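Written out below as structure tokens is the structure these notes cover.
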Amino acid sequence: MTIVGNTAMHHLLLGLPVDQLGFSPFVSLTNDSLQIKAREIGIKITPGGYIFLPPPIAGFVGSDHLAVILATEIHKKKGNYLGIDIGTNTEIVLKSGKKITSVSTASGPAFEGAHVKYGIRAAPGAIERVLIDSKTCIPSVQTINDIKPVGICGSGILDAIAELLKAGIINRNGKFKTDLDCVRRDSKGEFSYILAPSGGDN
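Under full-length UniProt numbering, the residues of the sequence shown are numbered 1 to 202, in order.
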């Protein structure tokens with residue numbers, strides 16, 4: 001069995017300390033691939049089975065990002081390619097010529113309010129799940145703690161984008177289809193789709 005994850009998950013699975021990952025320079029305690037008996041870390045698989053852990057690349061670029069590179073074979077492609085891995089952290093890999101460069105940033109600030117209107121962290125009242133009826137364009141939302149919506153968090157944003165595309169409200173480029181009745185245009189000429197009315201009515 002092969003297990004991948006961010007560097008913190010990797011260390012927690014192995015019982016390694018993670019304090020050093022909380023401050024600069026965010027050093028991983030190991031950058032080697034490991035093969036250990038599954039039973040040694042409490043995982044029950046085939047008797048005598050082993051767990052293979054690919055190495056973390058850096059403090060915030062884990063083996064899950066390495067798995068993305070290998071699965072997409074971006075390293076084998078000719079030309080320029082960009083790969084994005086969104087999780088607890090968002091890792092981006094750029095393949096240009098023979099050079100591969102990866103960077104990482106925290107996903108929370110990007111998806112939970114930093115540049116998102118009505119974006120908030122995953123707190124009570126945050127929209128976390130979205131469904132849109134493709135025939136009527138009517139949305140239904142689920143909030144954390146099932147209370148009136150006060151904003152939308154990262155998982156809700158990703159859900160909303162997927163549902164908007166599935167319902168045909170936005171196109172593959174993320175632009176609204178402006179001929180639909182459910183797409184509104186404000187006084188500034190900006191288009192929008194309402195997930196929950198102002199005032200918090202679900």
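Note that CB positions come from ideal geometry on N, CA and C, so glycine has one too. Predicted model only: the values in this text are computed from it and were never measured.
Query: I'd like to know if the region 120 to 136 and the region 51 to 69 are in contact, where contact means that at least 3 CB-CB pairs between them fall below 8 Å.; Result: no
Query: Is the number of C-beta pairs between the region 79 to 99 and the region 36 to 55 that are closer than 8 Å three or more?; Result: no
Query: Since Ile132 sits in a beta bridge, which residues does DSSP pair it with?; Result: Pro139
Query: Lys99 by DSSP, collapsed to three states: which one?; Result: strand
Query: May I ask which residues mark the beginning and end of the alpha helix (DSSP H) holding Ile157?; Result: 154 to 166
Query: Classify His75: buried if its beta carbon has 16 or more other beta carbons within 10 angstroms, exposed otherwise.; Result: exposed
Query: Any contact between the region 65 to 80 and the region 92 to 100? By contact I mean 3 or more CB pairs, one from each, below 8 Å.; Result: yes
Query: Would you kindly work out how many angstroms separate the C-alpha atoms of Phe176 and Gly15, rounded to a whole number?; Result: 48 Å
Query: From this set, Thr7, Ser140, Lys37, Ile152, which residue's C-alpha is nearest Met1's C-alpha?; Result: Lys37
Query: Of the choices Arg121, Leu195, Ile152, whose alpha-carbon is the least far from that of Asp133?; Result: Leu195
Query: To which residues of the same chain is Asp201 closer than 6 Å at the C-beta, ignoring the five residues directly before and after it?; Result: Bear in mind that a pLDDT of 46 at Asp201, under 50, signals an unreliable position, so the model cannot answer this.
Query: In terms of alpha-carbon separation, which member of Gly108, Leu66, Glu40, Cys182 lies closest to Asn6?; Result: Leu66
Query: What do you reckon, are the CB atoms on Ile157 and Val116 nearer than 9 Å?; Result: yes
Query: Leaving out five residues on either side along the sequence, give the residues of the same chain with a beta carbon under 7 Å from the beta carbon of Glu73.; Result: none
Query: What is the DSSP secondary structure of Asp181, counted as helix, strand or coil?; Result: coil
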